[in-house]
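Here's the structure, in structure tokens; my notes come after.
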Amino acid sequence: MRYAILCYNNEDAVFSWTKEEDDAVMGRLNVVHEKWEKAGKLKPSIRLLPTSAAVTLRKSDDTVLDGPYAETKEQLLGFYIIDVESLEEGLEFARELTKANPGGAYELRPIMIYNQGS
Amino acid sequence: MSDLGWIEGALTAARPQAVAALLRYFRDLDLAEEAFQDACLRALKAWPANGPPRDAASWLIMVGRNAAIDSVRKRSKLTALPDEQVLSDGEDREEVEAERLDGADYRDDVLRLLFICCHPDLPATQQVALALRIVSGLSVKQIARAFLVGESAMEQRITRAKAKVAGAGVPFEAPGPVERAERLAAVAAMLYLVFNEGYSAGSDQSERASLCDEAIRLTRLLLRMYAAEPEIMGLLALMLLQHSRWAARFASDGNAVLLDDQDRALWKRPLIQEGLALIDKAMLARKPGPYQIQAAIAGLHARAQTADETDWAGIEQLYAALETHTPSPVVTLNRAVAVSKLHGPQAALNMISPLAERLDKYFYFHGMRGAMLKELGQTREAREAFNKAIALANTPAEAAHIRQHLDALSAQK
Chain A
12 MRYAILCYNN
22 EDAVFSWTKE
32 EDDAVMGRLN
42 VVHEKWEKAG
52 KLKPSIRLLP
62 TSAAVTLRKS
72 DDTVLDGPYA
82 ETKEQLLGFY
92 IIDVESLEEG
102 LEFARELTKA
112 NPGGAYELRP
122 IMIYNQGS
Chain B
424 MSDLGWIEGA
434 LTAARPQAVA
444 ALLRYFRDLD
454 LAEEAFQDAC
464 LRALKAWPAN
474 GPPRDAASWL
484 IMVGRNAAID
494 SVRKRSKLTA
504 LPDEQVLSDG
514 EDREEVEAER
524 LDGADYRDDV
534 LRLLFICCHP
544 DLPATQQVAL
554 ALRIVSGLSV
564 KQIARAFLVG
574 ESAMEQRITR
584 AKAKVAGAGV
594 PFEAPGPVER
604 AERLAAVAAM
614 LYLVFNEGYS
624 AGSDQSERAS
634 LCDEAIRLTR
644 LLLRMYAAEP
654 EIMGLLALML
664 LQHSRWAARF
674 ASDGNAVLLD
684 DQDRALWKRP
694 LIQEGLALID
704 KAMLARKPGP
714 YQIQAAIAGL
724 HARAQTADET
734 DWAGIEQLYA
744 ALETHTPSPV
754 VTLNRAVAVS
764 KLHGPQAALN
774 MISPLAERLD
784 KYFYFHGMRG
794 AMLKELGQTR
804 EAREAFNKAI
814 ALANTPAEAA
824 HIRQHLDALS
834 AQK
């Protein structure tokens, strides 16, 4: 089963990290990434720029709005694509990520269509 | 990160919102800061056990508010009771507070807190020091180190600045659109001052240089609240693009490396990408302003893979646009740099010679003049210009850079 794991966290907090803190978190995450990549279960992963760089195209009237679509306490800061046996295994991956980077939440969403792209 | 490290990060991130809301509530800066401190102490006790709350800022506001009311009540046994109006606008304040954290109204609190630090009577360095103390929550010791002054001197400076601000009266009424725009402009200028304090640091002054990160952090916060302001996008883009070059700006001996000579592999790609994305986004609004134009100039530098690929014609046009927006001899001087690349040193000299009187005390004017004269082979005049420049250097790095030019001139002989 393929899942998208959507990474939510408080953007102000994440972008308040010093470079050292950010590097430390990424270092710990990369350990988890490598393990699951080697097992062939981790597909693309993406870290997004802050929502301040985002625009939203409202389809109903073709209006371009500044900022993310949803104003929430936690923002979508990145996502993973994983290919795992079960939801249980997906949660195992997410828990390993949590240990490396506490705070916020991971949303596991089964993928309906997965186009590899070019 | 240890649990405690995570909590410190969360407290730092929540501080501007929390202190701003507490200030609205208590209408007293010291009381608001005290309340926030109290709340932080309680957070350090409560969060490791219970985990951090989902909304750290509103937790800190509520806890801080209650703690401060308690302490005011205790004190009031000794002094007269404060007017009830000062403390509370209503009964169910907590719920209102929590709601407001989701709402856009709340952004005016943070804007007010930043705006307080921009009082026009405060000299630029005091504005910066005050913002770092109140909004960022840096310790006096940290700020003193960043400004390379003693702790007690900085303490005095901040106390004086606070007293001046308190005496001026804090504007608590909700701002109208014109006032809000004025406040935003003042705050943007102050944030850029914070950034430039960091940007002017030497390679060995990491404490001072960290002010760049702090300015970027606060500007990101401001932009998230005022997401549709193209000039705030421009300001953030400008900071990101300038800061992206940090690692390339100094040689291993600490001397400044000019843009043309920098190792572009050292430029930080994520900062450049964010900066370019913000410029693109700001352009959609078609409301150009000085920060956007300066960011666009920095963007053209960032897009060039090598110095030779720089779009100097585009840069010259952008400086011309900047001249019409904010006419200033310094802008003309920068435009002349682009002109020298396009049309040679003589054209650039012609452009800057009318500025001689107004820029006589300006390091870069004499540095630029010296470089142009040197290129034209006018060694004696070049040396005179460089000597003037070196006397006006603001940092050891600037002086060292001019020294290189002078040494090169001596070697030519």
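So the sequences go chain by chain: A and B. To convert a position in the first sequence, counted from 1, into our numbering, add 11. To convert a position in the second sequence, counted from 1, into our numbering, add 423. Yeah, the Cβ is synthetic: ideal placement off N, Cα and C, and Gly gets one too. For clarity, every value in this text was computed on a predicted model and none was experimentally measured.
Any C-beta of chain B sitting closer than 9 Å to the C-beta of K49/A? Within the first sequence, numbered from 1, the residue matching residue 49/A stands at position 38. Judged by the 9 Å Cβ criterion, K49/A is not in contact with chain B.
The alpha helix (DSSP H) spanning R631/B covers which residue range? Here residue 631/B refers to the residue found at position 208 of the second sequence. It spans S629 to M648 - the alpha helix (DSSP H) in which R631/B sits, taken as one unbroken run.
Between the Cα of E707/B and the Cα atoms of M656/B, I720/B, I581/B and R687/B, which residue gives the shortest distance? As a position in the second sequence, residue 707/B is number 284, starting the count at 1. Looking at the sequence shown, residue 707/B is not Glu but Leu. Ranking the options by Cα distance to L707/B, first place goes to M656/B.
Would you say E107/A lies against chain B (beta-carbon separation less than 9 Å)? Indexing the first sequence from 1 puts residue 107/A at position 96. No - not a single Cβ of chain B is within 9 Å of the one on E107/A.
Kindly indicate which three-state DSSP category N678/B falls into: helix, strand or coil? Residue numbering aside, residue 678/B sits at position 255 when the second sequence is read from its first letter. Coil, per DSSP.
Under 9 Å between C-beta atoms of M613/B and V551/B: Here residue 613/B refers to the residue found at position 190 when the second sequence is read from its first residue. Here residue 551/B refers to the residue found at position 128 when the second sequence is read from its first residue. The answer is yes: Cβ separation under 9 Å.
Minimum C-alpha distance to P55/A - residue among I93/A, T109/A, G38/A and K84/A: Here residue 55/A refers to the residue found at position 44 when the first sequence is read from its first residue. The candidate whose alpha carbon is nearest that of P55/A is I93/A.
Can you tell which of D684/B, M795/B and C635/B has the C-alpha that lies nearest to the C-alpha of M662/B? Numbered from 1 along the second sequence, position 239 holds the residue referred to as residue 662/B. With distances taken between Cα atoms, M662/B lies closest to C635/B.
Determine the extent of the alpha helix (DSSP H) in which G657/B is found, giving its start and end residues. What you label residue 657/B is simply residue 234 of the second sequence in a count that begins at 1. Counting along the chain, the alpha helix (DSSP H) containing G657/B begins and ends at P653 to H666.
My output table needs one value for L571/B: the three-state DSSP class, helix, strand or coil. Translated into the one-based positions of the second sequence, residue 571/B becomes position 148. L571/B: coil per DSSP, three-state reduction.
Please determine whether the Cβ atom of C540/B lies at a distance below 8 Å from any heavy atom of the ligand NAD. For the structure depicted, the ligand NAD is absent and the ligand set is empty, with no information on it obtainable.
Range covered by the alpha helix (DSSP H) that runs through Q835/B: To locate residue 835/B, count along the second sequence from 1; it is residue 412. Element bounds for Q835/B: P819 to Q835.
How big is the Cα-Cα spacing for F538/B and L545/B? By one-based count along the second sequence, residue 538/B stands at place 115. By one-based count along the second sequence, residue 545/B stands at place 122. Those two C-alpha atoms are separated by around 12 Å.
Quick check: what's the CA-CA separation for V533/B versus S494/B? Against the second sequence, residue 533/B aligns to sequence position 110. Against the second sequence, residue 494/B aligns to sequence position 71. One C-alpha to the other measures close to 25 Å.
Mind reading off the beta-carbon distance from L741/B to I716/B? Whole number of angstroms is fine, and I expect it under 8 Å. Translated into the one-based positions of the second sequence, residue 741/B becomes position 318. Translated into the one-based positions of the second sequence, residue 716/B becomes position 293. At roughly 5 Å, the Cβ-Cβ gap stays under 8 Å, so L741/B and I716/B are in contact.
Tell me the rounded alpha-carbon separation between A105/A and R120/A. As a first step, residue 105/A must be located in the first sequence, where it is residue number 94. As a first step, residue 120/A must be located in the first sequence, where it is residue number 109. Each residue's alpha carbon lies about 12 Å from the other.
What does P476/B touch in chain A if you count any residue whose Cβ is under 8 Å from its own? Numbered from its first residue, the second sequence carries residue 476/B at position 53. In chain order: nothing, as chain A lies at least about 10 Å away.
I want to see whether chain B comes within less than 9 Å of P121/A, judged by CB atoms only; does it? As a working note, residue 121/A is residue 110 in the first sequence. It does not; no Cβ of chain B falls within 9 Å.
The stretch 660 to 676 of chain B contacting the stretch 685 to 693 of chain B, beta-carbon criterion three pairs below 8 Å: yes
Would you mind sorting R781/B into buried or exposed? The rule is 16 or more other CB atoms within 10 Å of its CB. To locate residue 781/B, count along the second sequence from 1; it is residue 358. Exposed, because fewer than 16 other Cβ atoms sit within 10 Å of the Cβ of R781/B.
Within the continuous alpha helix (DSSP H) that includes C716/B, where are the two ends? The count along the second sequence starts at 1 and reaches residue 716/B at position 293. With the sequence shown as reference, residue 716/B is identified as Ile, and Cys is not the correct amino acid for it. Looking at the DSSP string, the run of the alpha helix (DSSP H) that includes I716/B is P713 to R726.
Would you verify that the beta carbon of T747/B is, or is not, closer than 9 Å to some beta carbon of chain A? Stepping through the second sequence from its first residue, residue 747/B is reached at position 324. Answer no: the Cβ-Cβ gap between T747/B and chain A never drops below 9 Å.
Proximal residues to A823/B (C-beta, below 6 Å), its chain only, five neighbours per side dropped: In the second sequence, counting from the first residue as 1, residue 823/B sits at position 400. Closer than 6 Å at Cβ, skipping near neighbours: N678.
Do we get a CB-CB distance below 9 Å when we pair A436/B with the residues of chain A? Locating residue 436/B in the second sequence gives position 13, where the first residue counts as 1. For A436/B, the answer is yes, since a Cβ of chain A falls inside 9 Å of its Cβ.
Any C-beta of chain B within less than 9 Å: which residues of the stretch 16 to 30 of chain A qualify? N21, E22, D23, A24, V25, F26, S27, W28, T29 and K30
Report yes if the CB atom of A718/B is closer than 9 Å to the CB atom of A736/B, and no otherwise. Counting from one through the second sequence, the residue named residue 718/B turns up at place 295. Counting from one through the second sequence, the residue named residue 736/B turns up at place 313. Cβ atoms of A718/B and A736/B: not closer than 9 Å.
Should K130/A be flagged as near chain B, meaning a C-beta pair shorter than 9 Å? Chain A is shown from 12 up to 129; residue 130/A falls before or after that span and cannot be answered.
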